[in-house]
Amino acid sequence: MCRWVVYIGQQPLMLEDLLIRPKHSIVKQVSERFIPGLYYGLEEDDVEELKKQATWINVHGFGVCWYTDTLTEFDPSIKGMLPAQFRTIAPISTDLAFAQLCGHTASKCTLAHIRDASFPPVVEVNNHPFIFGKYSFMHNGSVDSFRKIRFDVMRRIFDLQTVVQTNQYQSSVQDSNYVFGILGNTDTEHLATLYFAHLDIIRATRPSFGADSTDALLLALIETIADIHTIQFQHQVGPFTPGPGAERVGNALNLCITDGGVQMLVSRWRDSKEGYPRSLYLSLNAGEKLNRKYYPDLPAPTTSEDVNNTDVKIDSVRELVARHKPTQQGRHIIVGSEPCTRYVQDWGLFDQNQFLPIRARARVRRVSVHGSH
């Protein structure tokens, strides 16, 4: 059970203020859990499954991307912000290089991920986020039976690669060689590569979406999932696994895809016949409390604010958006597998199978995508 967090906003935020200083930062989520409201209203079997997942620890690697426009000062051909990256398999809580980096770096868009590996090896190239041009991609969950279907996924990527190369479409990978660009063996990197091959084709063939359209991001994900389902159906795995006891077998896709400034797509999604996706939370104002300019010493939340209770109802994303008020941090969004602050009133829990396309200077849009196949 991996964990991830993303910040995107009008104002920069110190990496240290997002990733290290908070009471429940991503660094602490290696072994600690804070999942308020996750079990509210669920059946006993669903609660037991989520509780089992909450016991897993995330010690198989760490990665962070932060968006910067530094290169634009030295190369006039480069426009906008691009992701810089730090990845390590060292224990992140004691990594001095990471601490120094976070203490001297700020960004308007930061993504971080701690990994619980589904299978070996534990190497840096398997750490999220994965970068495709200006885009970053990270994942909490799994593609079911990936070892069985990996070859067919690669073959599908190659088919799409042929389309891009033959038509000379603009590509998010070097030389439009998606297959060669895969450096590790994770299900996530293959899923991401398949996704960006679809996105590149959509952007080239459907100009009505515009160059930076959240509709294109969403359609590419739908087509990617459709490909995975087609392959899994052929192998009778994933949500197509036959027989008794297979009701909870399927894919779990809590995803974050962003270009760091204009658009982002996040999802809390699972396609098994039974069961709930892993936790995912949203905040529209926690950035103000995290920013040391406004709160040099983050005050401890009151008892009513620090609701460490998995069975109590907390706001949904819809309810959180409805009561949002402006903050000193400006417009911003933080999405995380767990809240990074303990001010529960600042956070909303994603609904089951909810997608959130987000575009700069636009309203947050909620999309429910059923996990049925």
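Residue numbers (the UniProt record's numbering): 1 to 373.
Glycine included, each C-beta is placed from N, C-alpha and C at the ideal position.
So what's residue i in DSSP terms, helix, strand or just coil?
i: S107; result: strand
i: T258; result: strand
i: N140; result: strand
i: V64; result: strand
i: T94; result: helix
i: H332; result: strand
i: R3; result: strand
i: Q345; result: helix
i: Q263; result: strand
i: H24; result: coil
i: P301; result: coil
i: H229; result: helix
i: I57; result: coil
i: H113; result: strand
i: L253; result: strand
i: G9; result: strand
i: R203; result: helix
i: E16; result: helix
i: Q100; result: helix
Verify whether the separation of the beta carbon atoms of residue i and residue j is less than 8 Å.
i: residue 374; j: T68; result: As shown, the chain starts at 1 and ends at 373. That puts residue 374 outside it, with no answer to give.
i: E338; j: R147; result: no
i: residue 374; j: L349; result: Because residue 374 is not part of the residues shown, which for the chain are 1 to 373, the question remains open.
i: W347; j: S283; result: yes
i: F62; j: N127; result: yes
i: E16; j: G103; result: yes
i: W4; j: M138; result: yes
i: M1; j: A106; result: no
i: P129; j: S118; result: no
i: L265; j: L218; result: yes
i: V6; j: T258; result: yes
Our contact map puts residue i next to residue j with C-beta atoms below 8 Å; I'd like the distance itself, whole angstroms only.
i: G238; j: V249; result: 7 Å
i: Y40; j: V317; result: Wrong, their Cβ atoms sit about 15 Å apart, outside the cutoff.
i: H60; j: D116; result: 6 Å
i: I89; j: I114; result: Not quite, the Cβ-Cβ distance comes to about 11 Å (not below 8 Å), so this is no contact.
i: I157; j: L194; result: 5 Å
i: N285; j: T224; result: Contact flag wrong, Cβ pair sits at about 32 Å.
Across which residues does DSSP place residue i in a beta bridge pair?
i: H235; result: Answer by DSSP bridge pairing: none, since H235 is not bridged.
i: F132; result: Y135
i: L282; result: V335, G348
i: F86; result: V64
i: M154; result: DSSP output for M154 lists no bridge partner at all.
i: S316; result: L349
i: F146; result: DSSP, once it has assigned bridges, lists no residue as partnering F146.
i: R270; result: A252
i: R359; result: Q263
Drop a sphere of 10 angstroms on the beta-carbon of residue i, count the other beta-carbons inside from all chains shown, and report buried for 16 or more, exposed for fewer.
i: S372; result: Per-residue confidence for S372 stands at a pLDDT of 47, beneath the threshold of 50, marking its modelled position as unreliable; the derived number appears in the next sentence. Counting Cβ neighbours within 10 Å, S372 comes out exposed, since fewer than 16 surround it.
i: P277; result: buried
i: Q329; result: buried
i: Q161; result: buried
i: V122; result: exposed
i: P244; result: exposed
i: D315; result: buried
i: I149; result: buried
i: Q232; result: buried
i: E48; result: exposed
i: T214; result: buried
i: I334; result: buried
i: I57; result: exposed
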